[in-house]
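Trainee:
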Amino acid sequence: MVAATLERHWSLFEDWCDAFEKPKEPTTPDTLVEFLQAFPAGVTTNTLRVRAVRLHHQEAGVPLDLDGLREAVGGLNVSIPTPTSLVRLGEEYVSPEAAIQQLPKVRHGASVAPILRARRNAFLIVLFAHLGLNRNGVRNVTAADITPVPLTIAGTLIPRGDDPASCFACAVTRWLRVVWPAERGNHAAIRTITDPRAHYADIHDCDEGLDHDWRAATTLLPAIDQHGWVDSHQPISTRTLSNVVGHLQLPTGYREQRWTPTEPKPTRFDGLEDDEFDRQMAQFDIDIARALARTAELLADAQHTSNEVWGLLNSNAG
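At position 106 of the sequence shown the residue is numbered 208 (my numbering), and the sequence of numbers has no breaks.
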């Protein structure tokens, strides 16, 4: 929502556009410059006017062309914000590819929350590292922006890397496989999709093909609570998004391990021939029958004793 303090600037812009039949939403850099020139003001006021127009365009899903505006303003007294990348640089951070590689690809344990967050965050890395989207840009990506073959988002081709663990295309398809079950709260389906027994580290997920149910997802970047439930009514907040992005490129050293079944515990029947096994099973049945018969005798004795005690108590009471 645009702040109330900026609404008067937007109202002035609207009225001016209506009066002179100028495009207001979406507007053009040249139109906005004409507006600023029509109402001369200082840097602060002009910057607030641009901010009001920019935020209204942002809410409408038609981002203002800041690069074009920056070229059009010339010597006009106004400050145009410079888009900042969400990619973290510096020795303490790993590359976007390495950040995706160190995120879990399959479920470990019964809870689906960790794997949902991991797959969503890998998708998020692709949005800000490859597409160059800012916080508001990644929140506005919808299923309509995605084409599966070839895999593109907002018209940008998503590359297939050599290593499936760090592949941008795999990061996208892994998330699309679970985003609709997550929105529906179908944790059983999520557990099946993310089962570690079905994971092969050398196979690209992006080569496996996609069902179409992900297109029904309301938002592609939802908030996920500690139990794995998602808020499908709106994308993750910019505040939470900033917190998530701030940690994604920190090195964790995690590497997905291939699932291996546990070794079965040895039993006394291991290595037995069929005849010997059958003999021991027959003896086992005999032992069980004897135990059951003995249990029946003990229960009968207990019942008899109980009846005698009850009779004594009743005779004394009389």
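Using N, Cα and C, we set each Cβ at its ideal position, and we do this for glycine too.
Just checking, does the region 189–199 make contact with the region 208–217 on the three C-beta pairs under 8 Å criterion?
Mentor: Output reads no: the region 208–217 does not touch the region 189–199.
Trainee: Could you round the C-beta distance between Thr340 and Arg237 to whole angstroms and report it? I think they count as a contact, below 8 Å.
Mentor: Locating residue 340 in the sequence shown gives position 238, where the first residue counts as 1. Locating residue 237 in the sequence shown gives position 135, where the first residue counts as 1. Their Cβ separation, rounded to whole angstroms, is 5 Å, which keeps Thr340 and Arg237 in contact under 8 Å.
Trainee: Is Thr369 buried or exposed, if buried means 16 or more other CB atoms sit within 10 Å of its CB?
Mentor: Here residue 369 corresponds to residue number 267 of the sequence shown, with the count starting at 1. Exposed.
Trainee: Am I right that Ile227 and Ile202 are in contact with their C-beta atoms under 8 Å? What's the rounded C-beta distance?
Mentor: Working through the sequence shown from its first residue, we reach residue 227 at position 125. Working through the sequence shown from its first residue, we reach residue 202 at position 100. Between Ile202 and Ile227 the Cβ distance is about 5 Å, and since that is below 8 Å, they are a contact.
Trainee: At the level of alpha carbons, what is the spacing between Arg276 and Ile338?
Mentor: Numbered from 1 along the sequence shown, position 174 holds the residue referred to as residue 276. Numbered from 1 along the sequence shown, position 236 holds the residue referred to as residue 338. When rounded, the distance between both Cα atoms is 19 Å.
Trainee: Taking the beta strand (DSSP E) that Asp169 belongs to, which residues open and close that run?
Mentor: Counting from 1 along the sequence shown, the entry for residue 169 is found at position 67. Run containing Asp169: none in the beta strand (DSSP E); it sits in the alpha helix (DSSP H), 168–174.
Trainee: Strictly by DSSP, which residues pair up with Leu108?
Mentor: Looking up residue 108 in the sequence shown gives position 6. BP columns for Leu108 are empty, so no partner.
Trainee: Once DSSP output is grouped into helix, strand and coil, what is the label at Asp333?
Mentor: To locate residue 333, count along the sequence shown from 1; it is residue 231. Correct three-state label for Asp333: strand.
Trainee: Rounded to the nearest angstrom, what separates Ile260 and Val274 at their Cα positions?
Mentor: Translated into the one-based positions of the sequence shown, residue 260 becomes position 158. Translated into the one-based positions of the sequence shown, residue 274 becomes position 172. Approximately 8 Å between the Cα atoms of the pair.
Trainee: Where Pro183 and Thr149 are concerned, what is the direct C-alpha to C-alpha distance, given to the nearest angstrom?
Mentor: Working through the sequence shown from its first residue, we reach residue 183 at position 81. Working through the sequence shown from its first residue, we reach residue 149 at position 47. Taking the straight line from one Cα to the other gives about 9 Å.
Trainee: Pick helix, strand or coil for Thr249, following the three-state DSSP scheme.
Mentor: As a first step, residue 249 is located in the sequence shown; it is residue number 147 there, counting from the start. Residue state, collapsed to three classes: strand.
Trainee: Are Pro283 and Ile292 touching if we call contact CB-CB under 7 Å?
Mentor: Here residue 283 corresponds to residue number 181 of the sequence shown, with the count starting at 1. Here residue 292 corresponds to residue number 190 of the sequence shown, with the count starting at 1. Yes. Within cutoff.
Trainee: Which residue marks the beginning of the alpha helix (DSSP H) containing Pro283, and which one marks its end?
Mentor: Indexing the sequence shown from 1 puts residue 283 at position 181. Pro283 -> alpha helix (DSSP H) spans 270–286.
Trainee: Assuming Ile326 is part of the beta strand (DSSP E), what are its boundary residues?
Mentor: For the purposes of this step, residue 326 is taken as residue 224 along the sequence shown, with counting starting at 1. Where Ile326 is concerned, the enclosing beta strand (DSSP E) stretches over 324–326.
Trainee: Which of the three DSSP states, helix, strand or coil, is assigned to Asn223?
Mentor: For this step, residue 223 is matched to residue 121 along the sequence shown. Three-state result, Asn223: helix.
Trainee: Can you tell which of Thr146, Thr321, Leu415, Thr129 has its C-alpha closest to the C-alpha of Val243?
Mentor: Mapped onto the sequence shown, residue 243 falls at position 141. Comparing Cα-Cα distances from Val243 to each of Thr146, Thr321, Leu415, Thr129, the minimum goes to Thr321.
Trainee: From Met103 to Glu161, what distance separates their C-alpha atoms?
Mentor: As a working mapping, residue 103 is identified with position 1 in the sequence shown. As a working mapping, residue 161 is identified with position 59 in the sequence shown. Any reading at Met103 must be qualified, since the residue scores a pLDDT of 47, below 50, and its modelled position is unreliable; the value itself is stated next. Looking at the two C-alpha atoms, the distance is approximately 7 Å.
Trainee: For Glu136, report the span of its alpha helix (DSSP H) as first-last.
Mentor: As a first step, residue 136 is located in the sequence shown; it is residue number 34 there, counting from the start. Here the alpha helix (DSSP H) through Glu136 covers 131–140.
Trainee: Using DSSP's beta-bridge definition, name the partner residues of Leu312.
Mentor: Mapped onto the sequence shown, residue 312 falls at position 210. Answer by DSSP bridge pairing: none, since Leu312 is not bridged.
Trainee: DSSP three-state label for Leu191, please.
Mentor: Your numbering for residue 191 matches position 89 in the sequence shown. Three-state DSSP puts Leu191 in coil, outside helix and strand.
Trainee: Assign Glu410 to one of two classes, buried (16 or more other C-beta atoms within 10 Å of its C-beta) or exposed (fewer than that).
Mentor: Translated into the one-based positions of the sequence shown, residue 410 becomes position 308. Exposed, since its Cβ has fewer than 16 Cβ neighbours within 10 Å.
Trainee: Does the distance from the C-beta atom of Glu285 to that of Ser344 stay below 7 Å?
Mentor: Counted from its first residue, the sequence shown places residue 285 at position 183. Counted from its first residue, the sequence shown places residue 344 at position 242. Not a contact, by the Cβ cut-off of 7 Å.
Trainee: Strictly under 7 Å for the Cβ-Cβ distance: is Val180 near chain E by that measure?
Mentor: No chain E is part of this structure, which consists of one protein chain only.
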